[in-house]
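All residue numbers for the sequence shown refer to the working numbering, where the first residue is 172 and numbers rise by one.
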Amino acid sequence: MHYIFPQRDFLRTRRIEGSTYFGCVCGEGSAIAGELLKAISVVVNLCLAGRCPKTLAEFVASAPLMPLLKPDNGIRPIAMGMIWRRLVFKQTMRGVGKEMAKYLGDFQFGVGVPSGAEAVLHSTNIFLNEFHMDGSLAMLTVDFSNAFNLVFRTSPLHEVRTRCPSISYGWISCMGNQLDYMWAMTTFGPLLGFNRETIWGLHFLP
172 MHYIFPQRDF LRTRRIEGST YFGCVCGEGS AIAGELLKAI SVVVNLCLAG RCPKTLAEFV
232 ASAPLMPLLK PDNGIRPIAM GMIWRRLVFK QTMRGVGKEM AKYLGDFQFG VGVPSGAEAV
292 LHSTNIFLNE FHMDGSLAML TVDFSNAFNL VFRTSPLHEV RTRCPSISYG WISCMGNQLD
352 YMWAMTTFGP LLGFNRETIW GLHFLP
């Protein structure tokens, strides 16, 4: 793969992303496409069946940490999930997505609502841009606390076991283990909760 992709991409990401696998099955990498897809399917099925080795499950569930600078010069920590986490959990949603959308109903914009949360944000921005000179209009936004890593795993794990038994083995085998954040050469963990990216990636909460 180092011959297929520019070295700077590996140095920049320090991890294999979705585009890396896509490149492996296209162009020069098409010769190994069949075997690669077969191997990926084996790993995903192991995770979904709850038979993923613990060391691999911890890797799938963990995430590199990226610090973003806020306007007030504060730090917003963003956890970017590994491609394996997104691949495995996107497959689980194919089986329970419609059922969960019906169960959650109109109380959220993440499950069964294409571009739901994004549509709300874009609509709000358009409204503010058009009427920002109107002194009779006002908008109040409230952010009580930073929710990073404050959603404890106990409740989501219980809900998955109760509402989605068909995916519970794989989900719990990954998310029930120690979760680590990785920044440069430093690992932060174990973590008690979920980060916001994990929840969004699973589409159980907006």
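Each residue gets a CB set at the ideal place from its N, CA and C atoms; glycine is no exception.
Counting Cβ pairs, one atom from each stretch, are 3 or more of them under 8 Å apart for the stretch 270-279 and the stretch 236-246?
The stretch 270-279 vs the stretch 236-246: no contact.
Can you give, in chain order, each stretch of the beta strand (DSSP E) that sits fully within the stretch 201-261 and has at least 3 residues?
Listed in chain order, they are 234-240 and 246-250.
Going by DSSP, what residue range makes up the alpha helix (DSSP H) through H303?
Element bounds for H303: n/a, residue is neither H nor E.
Does the distance from the CB of L217 to the CB of L227 come in under 9 Å?
Cβ atoms of L217 and L227: closer than 9 Å.
Using 9 Å as the threshold, is the C-beta distance between G268 and V291 below it?
It is not a contact, given that the beta carbons lie outside the stated cut-off.
Buried or exposed: T312, going by 16 or more other Cβ atoms within 10 Å of its Cβ?
Answer is exposed; the Cβ neighbour count stays below 16.
Could you compute how far the alpha carbon of I211 sits from the alpha carbon of I343?
Their Cα atoms are separated by approximately 20 Å.
So, I338 versus L258, is the Cβ gap smaller than 9 Å?
It is not a contact, given that the beta carbons lie outside the stated cut-off.
Is it buried or exposed, T325, if we count other Cβ atoms within 10 angstroms and call 16 or more buried?
It counts as exposed.
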